[in-house]
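Residue numbers (the numbering used here): 90 to 500.
Where a beta carbon is used, it is the ideal one built from N, C-alpha and C, also for glycine.
To keep things clear, I will list the structure first and then write my remarks on it.
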RNA sequence: GCGGACGUAGCUCAGCUGGUAGAGCGCCAGGUUGUGGUCCUGGAUGUCGUGGGUUCGAGCCCCAUCGUUCGCCCCA
């Protein structure tokens, strides 16, 4: 006997869980359309290079956390760990760099080989928005406004805060990086073990350490704002002004950073306190050199992504669609008539179903459990008059209705 | 990759200091012929996550393993 178990970090979405999932996607797609975005559906796997080129060698993300394998043709394939790279690849391979800007919405499964945690799975799902080919800060503001509106439409407002920051342009970033290294190097002995490593590999990451000792130092560390070039400063100022114009409330948080070098200028995160350590529910930033890194032309981009599993945990229970009318033949010989009734109802968009097993009592029990509001009892007596018994399952009343009148009565 | 907690019927859980398993809900069948939700009666549930070990004997102790969960790391 094979042990039937879902693969670690995967889950089945059944019933109300599937409804929640669906609602997040449908809502996000609808809101994204308000901003002019259209949906792209790109493959769930890509040539490994699509992801690895942009990630560089510094992070062990590539080697340890991607689902990469050789396919039967010997090509290195990777299950997409995020959505942006695939969208950028699609932009290039479809020649859409000739018709910029492009505003893209996507939703789908992503795969990362990580230790599962609350709201964190190995196959997880994201919604995302990308605006490609726009180098104006207005695009950043619009992307953020869109994210905010999605959260709002989902009813996730309470306890959610938008944090924004700028990473500057590459020049600003390099200067700041050097300044940080200088600052923290003077206090190496007071840094946590993790942050000592970060100081070597990725000094910016010290800024969002959770260690208390680190936090005390970080509070006194220089912020990027002292190292911004004029252009970077202007860009950030414009972003904030446009956010105000769009009615988006935000908090400036100089500790927001990104792990990878292709990010520049705007970085933002919507954070909640209601999900423990996994508090970031929607995050994004500007990536002006990503497409180029992948081997494409220079196309600036700004976008965000959000984990559907986390959003699902925060939304109210979706309203269930109305349960189908239960059609119940009282004897096997009336099954034929029942089928024609089912057909008539469905033809006018009235959900209707017939239980396949059991006697009338059993079928009525099932109808009740399915939360159907009506049952159509098909009996020989009524059938001889071209009618059926229509039972209201909520109050128990029952009356005879002509079969031809059913669609109108149930509409 | 690191640390803590947990894993008993479909679900939520109980099981005293080791003596071969229980409750509630759900499920199934009845309470007479074509009628649910309430009520009554009866019934089935399980190699106690899995594999080893200790013991006369383990759900309970030990080890391993798989999984869940909460953190750390990472976070594209």
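Asked, Found
"Which value, in whole angstroms, describes the spacing of the CA atoms of residue 199 and residue 205?", "14 Å"
"Which stretch, first to last residue, makes up the alpha helix (DSSP H) that contains residue 110?", "105-123"
"Using a Cβ-Cβ cutoff of less than 6 Å, which residues in the same chain neighbour residue 112 once the five nearest sequence positions on both sides are dropped?", "407"
"Candidates 425, 178, 367: which alpha carbon is nearest residue 359's?", "367"
"Locate the alpha helix (DSSP H) running through residue 299, then write down its first and last residues.", "Taken as a continuous stretch (DSSP letters only), residue 299 belongs to no alpha helix (DSSP H), as it is neither H nor E."
"From what residue to what residue does the beta strand (DSSP E) around residue 251 run?", "249-255"
"If you follow the alpha helix (DSSP H) that residue 325 is in, where does it begin and where does it stop?", "319-334"
"Opposite residue 478 in the DSSP bridges: which residues?", "466, 489"
"Entirely within the segment 350-428 and at least 3 residues each: give me those beta strand (DSSP E) ranges in chain order.", "353-361, 369-375, 390-396, 414-418"
"May I ask you to report which of helix, strand or coil DSSP gives residue 239?", "helix"
"When every heavy atom of the ligand ZN is checked, does at least one fall within less than 7 Å of the C-beta of residue 117?", "No copy of the ligand ZN appears in this structure; indeed no ligand is present at all."
"State the DSSP-derived secondary structure class of residue 345, mapped to helix, strand or coil.", "coil"
"Residue range of the beta strand (DSSP E) that residue 168 falls in?", "165-168"
"Please report the straight-line C-alpha distance between residue 193 and residue 377, rounded to a whole angstrom.", "16 Å"
"Applying the 10 Å Cβ sphere with the 16-neighbour rule, what's the burial state of residue 241?", "exposed"
"Identify, in the order they occur along the chain, each residue of the same chain with its Cβ nearer than 8 Å to the Cβ of residue 364, setting aside the five sequence neighbours on each side.", "207, 208, 370, 399, 402, 403"
"DSSP three-state call for residue 338: helix, strand or coil?", "coil"
"Which word fits residue 328, buried or exposed, when buried means at least 16 other C-beta atoms lie within 10 angstroms of its C-beta?", "buried"
"What does DSSP give as the partner residues of residue 441 in its beta bridges?", "414"
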